[in-house]
Every structure is written in structure tokens, then in C-alpha cells.
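There are 2 protein chains.
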Amino acid sequence: MFENSERTDLKNLGEFGLIEHLTKNIKLYDPSTTRGVGDDAAVLDFSGKKTLVSTDLLLEGIHFDLAYTPLKHLGYKAIQVNLSDIYAMNGIASQVTVSLGLSSKFPLEAVEELYSGVLLACDQYQVDLVGGDTSASKQGLVISVTSIGYASEKDICYRNTAGEGDLLCVSGDLGGAYLGLQLLEREKQIFLENPNIQPDLEGKDYIIERQLKPEARKDIVKLLADLGIKPTAMIDVSDGLASEILHICKQSGKGCTLYEEKIPIDPMTYETAREFGIDPTVCALNGGEDYELLFTIGQSDYEKIRNMPDISVIGHITDKASGANMVSKSGNSHGIKAQGWNAFKNSHS
Amino acid sequence: MFENSERTDLKNLGEFGLIEHLTKNIKLYDPSTTRGVGDDAAVLDFSGKKTLVSTDLLLEGIHFDLAYTPLKHLGYKAIQVNLSDIYAMNGIASQVTVSLGLSSKFPLEAVEELYSGVLLACDQYQVDLVGGDTSASKQGLVISVTSIGYASEKDICYRNTAGEGDLLCVSGDLGGAYLGLQLLEREKQIFLENPNIQPDLEGKDYIIERQLKPEARKDIVKLLADLGIKPTAMIDVSDGLASEILHICKQSGKGCTLYEEKIPIDPMTYETAREFGIDPTVCALNGGEDYELLFTIGQSDYEKIRNMPDISVIGHITDKASGANMVSKSGNSHGIKAQGWNAFKNSHS
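Protein sequences appear in the order of chains L and F. Mind the numbering: the first sequence is residues 1 to 349 in full-length UniProt numbering, read in order. Mind the numbering: the second sequence is residues 1 to 349 in full-length UniProt numbering, read in order.
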């Protein structure tokens, strides 16, 4: 990937040299950052607010494949995946820390590329990079991100507070990121078999972007606040709709009815699923990595939300004994099962 | 390592199963933890205090060698290394998140062993494990820890606030962790050459423990508070005394005079260094991983500290133009250079 470009070996910089190089352009955006990088710990001031903390680990060969993932996109995505957890609490994301384990195949220019994606995400979402760690890695690329945010106690949305009769809502559309991944994997296989064949991704920009450059739904948190709605429960859709619905139901001690026909699926996602011979609904239920927000609202908030193009009401919460069920397009009802991502079985299935 | 014991494959548990299994015994200690594991983010309440955040990445083959590192010790150390950064801010460590990347060679029992060390450290230091991430890893073991703490603004000790004439102090003794590592590496080589030879670590418990089971100096933070001393600057000794002194001098825009004869070195460290034909002072200056606290205090605090057995005054801060110098036992003065750990050159040197 870097054969023909400039190559500065990290050995010559050393850890402190690399840190200094990477951190010299960091800008701070959030007033809660009292002190960012450069000391033993970052110092943050959330006076009067609750502090929110979430963390994710991204490993080469498990969470991403550098054969088709540009490093800048990867840096951007690593931040989005984490910010999404703070938004899922109905909070304001304010800081991130980014730790990198770098194998010797990465020259400085590659790390800069990755970091440029990190800093772009920080800029676009106005969050401050306040710390991290960098190290050599004997194997592949390791990215660990911790995101920090804040919220007033009254605004925080947990997973375990959905009430019977609440409406089940989801932002955006689902299944696209999974199909983007299938496309990229298919083209990689074709390329490996015959390197002369050019990748055929024409007209598939949207779902490719859903996979490579997801956007955490900060805008939905703001929209809900503008509409005067506080969700009764909320979670982000990282492992697939089915898995997230079951988290809310299980932790709230409730059941639910989900309507298949209400699940938002983009036409390109739908068409590509058909091309692959997969049921589009299954992609939405079990595909994962969409980073949309799944939330429940009281019925009295329905009028405020029903004309919002980016929010779909897809079902409602029931009592626990009824279980978590999906009513199919043909009218049959069956139990929802989480068949999402199991990182211990294989990388993406 | 686990051939003869029970072996539960992580594939059969899945990510959620593993998380549930590992987190069911988590106890909470700190009143600032409003919500721990089990949601998108932890919720913490530091009302009126500043939030402190620090993070470290530990990678197999770079930061630890499983040939001689018991997993329980490794889990314990991973926490200590991170808490040390919060104490270095003169703060109270209150929460940690722990992310694990696990290759398929690790059965559940191995992960439990690692986690038992994490939980032991949490119990002994009264910090709450409030989140994390677990994933398969294609390569070795990956451990990423983020530590969170708090402090009143007036109590926080930065690195860049040392004043001219301040006394340079360090807790405990130095160089032991490095020599413990040299011993373990030597025995590993002997074992690899002849598996019938038993390791010869007799009488070396102290320095082996300095390497495998370091203790972050929470007690020193408390002692300083009890003595009514606020250090003018503070940092933890993770990369070696020389490197940390230079951080304080550079960031404070000052110089210093360090007296070689004042550097605290345990007799076993001294003796073992001689065995290896290394200068004990070099081990203290450049060895790293001691996790002691290096700090500066005003001269008026000298009387409070001078009889404390666990604190050594090793020099003083000068003006910037004088540079950072060490006066050797023979009375010569020469510039201090950081030759500490460079993770990009090799794993331990």
C-alpha cells in the first residue's frame, strides 16, 4: 500500500517522537477539556453533569481488513463507533482517547493517514482527542478508543427503562453496512483470483460508505431534544437490530412486537441483498455495524415524531410474558433471535 | 499452559456469553459510579471535581511474555500500570475499563485467570470496573485499560509546574523491575536451551515481584495529603527515572541537578545488577516499569518529608539554562539523557 510513497520508519522516531509528531496538530473543541494530551492523565470538568465513558477495541483481521479499508476511513470509523455509544446514552460526546498498536509494516505516513481520519472525525463531531498510547505491535494493527461524554442526570437514556406500550423507533436505515461488507469481500476474492479484474462497485457508493465511513447519530440526539422527546430507553445498533431489541427487552424486563414491513431498508440495500440471494430483513436484523439509534418513546410523543423522515416507528413494547416477536410481511409472528456478530466464531457473519 | 486443565472454548460462549460470565461478579466500590457495565456507556458522577482519564495498551510479545508471566499477575499489573497515571496527577482512581483481544489459544479458564487479577487489583485499590470490550484476536493477547479518577482542581499535580529551587523526590526504590525482567528473560533462555534445568530465582522474590506484580503508589498520594504537602509537579516512573525527570524539566521549562548517590536502589537490585555486569544506576535511570512517583516539592516542605522512609530527596530543580544534570558518586556532573524504553526498537531494552 505504501511501496511507492514516502516511508519514514517508526524506529527512527521512537515512541515520544511519534507522540509529539501526531499530537502537535490536535485542536480542542469542548469547554470541558481542562487539559488534553501531555500529562499522565487528561483533566476534564463536567461540573454538575454526569460523566459517560465507553470503550471499543478494533483489531486487524477481526474488525477490519486493510485490503479494502483505507486507513483514513478506518481512523474515522474507529471514532464514530465509539461516539455512537455516548449518543446512545442521549449524551454529548466531548473527548476521546486513541491507543494504537503498530506493526513494523506501518511507516509514519500510514499512521498519519490513520490519524488524519481520527482528527477529521474529532473536528466534525467537535470532540477532543485528549490522550492515548502508542506502541509497537508484533502482529497487526490494534486500535483502542475510549469515548467520554456528559449529560444531565435527567437526560440520560438507559437500556433498561422501556415501558409497556412504548413505541419502538429506529433512525436511518438498516442492513446497508453489512451488504457493503459483502460487496467488498466479494471484490477482494475476485481480485485475489485475478488481479487484472477491476473492482465492480459502481452505483454502490451508499452501502460501501455505510460500511467504511459510518456516521454516529449525533444529529438524532439533537433532533430528539429539539422535539422535546426524551426516549424511555435507547441503544445503538452495532450488532444488528435483533440483538439490540433483545438487549432493551431483556434489560427492561419486557417483550415487544416488531413489524417486518416497518423496518427501514434503503432500496440499494434491498436490491444488493437480492443480488446476493439474502433476505434484506435478515441483513437488517443480524447484519450489524449500522450505528443507528434504536429507542423507545411514550405513545404521547408519537405526533411529534411521525413526520420525521429519518425516524421510523417499527413496533412497540409489550409485557415480558408475550416475548419479543416479529410480525412478518405475510402476517405470521415468530420470536426474535439474536444471530448477530460473534467475534469468537468468525470475523463477519 | 492449559493442556492439563479444564478448557472451555470461547466459541461456545460467544461475546455476550463471555461478557456476562466475566461481569457477573463485579463489585462496585466508589460512590461516583452511578452505573457500571451493562449499558452503552458507564455513568459517573464527579460533581464538583475534575475528571481524570488515562489509557494504556498492553500487547503480547511487546509488553509481556506469557512464557513467564502468570495471567493473574498480568491482569493485576495491567490495572496497576493505569492507576499509577491517576495517582501521578495526585488524584483518586475510581474506575477502570478493560478491553481484551483474545486469540483462540485462550480457553475461558485462561480469561478467568486474567480477570481474577484485574478484579483483585480493583478490590485492593477500591476502583470499579465499569466497562470494556472483548473480541477475538487473530494474533496474541491484547489488553487495553482506561483508568478514570477525580480530584479537586486545587489538588491536581501537573508535570509542567515545577519551580526553581524545588526539591526532586521519588518514592520507593528504582531499577528493580528492570532487573526482575532480566532475570526472567535469562531463565527463559536457559529453559529453552535445556528444559530440564529448573529456574534459579531463589532469593530474588523482591525484584521478580517488582516486575510481575507492581503496586501503584496510592499510599504515597495519601501520605502527601496527610503531611499537608502538595507536590509542585508529579509524574509516575514508567519509562525510567531519566526519562521522567526530563519530562518534568522540559515541560516546566527548567533544569535540575540529580545526585547519583541519592537515587534509592534496593540491595537486591544492586547485587543483581552487579551479577549481570550492569551499572545499578543505569538500571534506575533507564530501566523503567518501577511505577514509583517522581515529584517536586517546595523547600519549605522539606522538614515534613525528610524522615519518611519511603521518600527520597534526590536532587533539585534549577534554571533552564543549567540543563538537566546528574552529579555522579565521584563528583562529576554530566547531562541526563533519556535512554528509556523504545517500543519501536525492541521489546525491552
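We put the CB at the ideal spot given by N, CA and C, even for glycine. Only a predicted model underlies this, so the values are computations on that prediction, with no experimental measurement involved.
query: Taking 8 angstroms as the threshold (C-beta atoms), are residue 121 of chain F and residue 148 of chain F in contact?; result: no
query: Please report how far the alpha carbon of residue 100 of chain L lies from the alpha carbon of residue 15 of chain L, in whole angstroms.; result: 11 angstroms
query: Using a C-beta cutoff of 8 angstroms, does residue 158 of chain F count as contacting chain L?; result: yes
query: According to DSSP, simplified to helix, strand and coil, what is residue 163 of chain F?; result: coil
query: Give the residues from the segment 44 to 59 of chain L that approach chain F closer than 9 angstroms (Cβ to any Cβ), ordered along the chain.; result: 44, 45, 46, 47, 48, 49, 50, 51, 52, 53, 54, 55, 56, 57, 58, 59
query: Looking at chain L, is there any beta carbon in it that lies within less than 8 angstroms of the beta carbon of residue 40 of chain F?; result: yes
query: DSSP three-state call for residue 86 of chain F: helix, strand or coil?; result: helix
query: State yes or no: is the beta carbon of residue 177 of chain F nearer than 8 angstroms to at least one beta carbon in chain L?; result: no
query: Measure the CB-CB distance between residue 138 of chain L and residue 62 of chain F and report whether it falls below 8 angstroms.; result: yes
query: Which bits of chain L does residue 138 of chain F rub up against, with CB to CB less than 9 angstroms?; result: 59, 60, 61, 62, 139, 140, 347
query: Just to confirm my understanding: we take residue 423 of chain L, look at its own chain, exclude 5 residues before and 5 after, and list those with CB closer than 6 angstroms. What are they?; result: This structure does not reach residue 423 of chain L, given that chain L is present from 1 up to 349, and the question cannot be answered.
query: Look at residue 217 of chain L and residue 39 of chain F and say whether their C-beta atoms are less than 8 angstroms apart.; result: no
query: Might you give, ordered along the chain, the residues of its own chain that have their beta carbon closer than 7 angstroms to the beta carbon of residue 167 of chain L, omitting 5 neighbours on each side?; result: 296, 297, 299, 302, 313, 316
query: Please classify residue 332 of chain F: is it buried, with 16 or more other beta-carbons within 10 angstroms of its beta-carbon, or exposed?; result: exposed
query: Which residues does DSSP list as the beta-bridge partners of residue 279 of chain F?; result: For residue 279 of chain F, which the question treats as bridged, DSSP gives no partner whatsoever.
query: Looking at residue 125 of chain L: is its Cβ nearer than 8 angstroms to the Cβ of residue 51 of chain L?; result: no
query: At 7 angstroms on the CB atoms, spell out the chain F contacts of residue 85 of chain L, in chain order.; result: 40, 41
query: Taking DSSP's pairing of strands, which residues face residue 157 of chain F in a bridge?; result: Per DSSP, none; premise fails for residue 157 of chain F.
query: Quick one: is residue 77 of chain L buried, meaning 16 or more other Cβ sit within 10 Å of its Cβ, or exposed?; result: buried
query: For residue 351 of chain L, is the classification buried or exposed, using 16 other Cβ atoms within 10 angstroms of its Cβ as the cut-off for buried?; result: In the structure displayed, chain L extends from 1 to 349; residue 351 of chain L sits before or after that span and is not available.
query: What residues match up with residue 35 of chain L in a beta bridge as DSSP calls it?; result: L:43
query: Is the Cβ-Cβ distance between residue 53 of chain F and residue 44 of chain L less than 8 angstroms?; result: yes
query: Contact defined as beta carbons within less than 8 angstroms: I believe residue 255 of chain L pairs with residue 249 of chain L. What is the distance between those atoms, to the nearest angstrom?; result: 6 angstroms
query: By how many angstroms is the C-alpha of residue 188 of chain L removed from the C-alpha of residue 194 of chain L?; result: 10 angstroms
query: Whose Cβ in chain L lies nearer than 8 angstroms to the Cβ of residue 130 of chain F?; result: 53
query: With a threshold of 8 angstroms, are at least 3 pairs of Cβ atoms found where one atom belongs to the segment 263 to 276 of chain L and the other to the segment 172 to 180 of chain L?; result: yes
query: Which residues of the segment 25 to 40 of chain F have a Cβ closer than 8 angstroms to any Cβ of chain L? Give them in chain order.; result: 34, 35, 38, 39, 40
query: Can you name the residues that DSSP bridges to residue 316 of chain L?; result: L:167, L:257
query: From the beta carbon of residue 232 of chain F, is the nearest beta carbon of chain L less than 8 angstroms away?; result: no
query: Taking 8 angstroms as the CB-CB limit, is residue 268 of chain L close to chain F?; result: no
query: Helix or strand or just coil, what does DSSP make of residue 326 of chain L?; result: strand
query: Starting from the Cα of residue 307 of chain F, find the closest Cα among F:135, F:106, F:224, F:36 and give me that residue.; result: F:224
query: Could you check the C-alpha separation between residue 183 of chain F and residue 21 of chain L for me, to the nearest Å?; result: 35 angstroms
query: By a C-beta neighbour count over all protein chains shown, 10 Å radius and 16 as the cutoff for buried, is residue 131 of chain L buried or exposed?; result: buried
query: Would you mind reading off the limits of the beta strand (DSSP E) that contains residue 26 of chain L?; result: That residue, residue 26 of chain L, is in no beta strand (DSSP E); it is neither H nor E in DSSP.
query: Can you tell me whether residue 123 of chain F is helix, strand or coil according to DSSP?; result: helix
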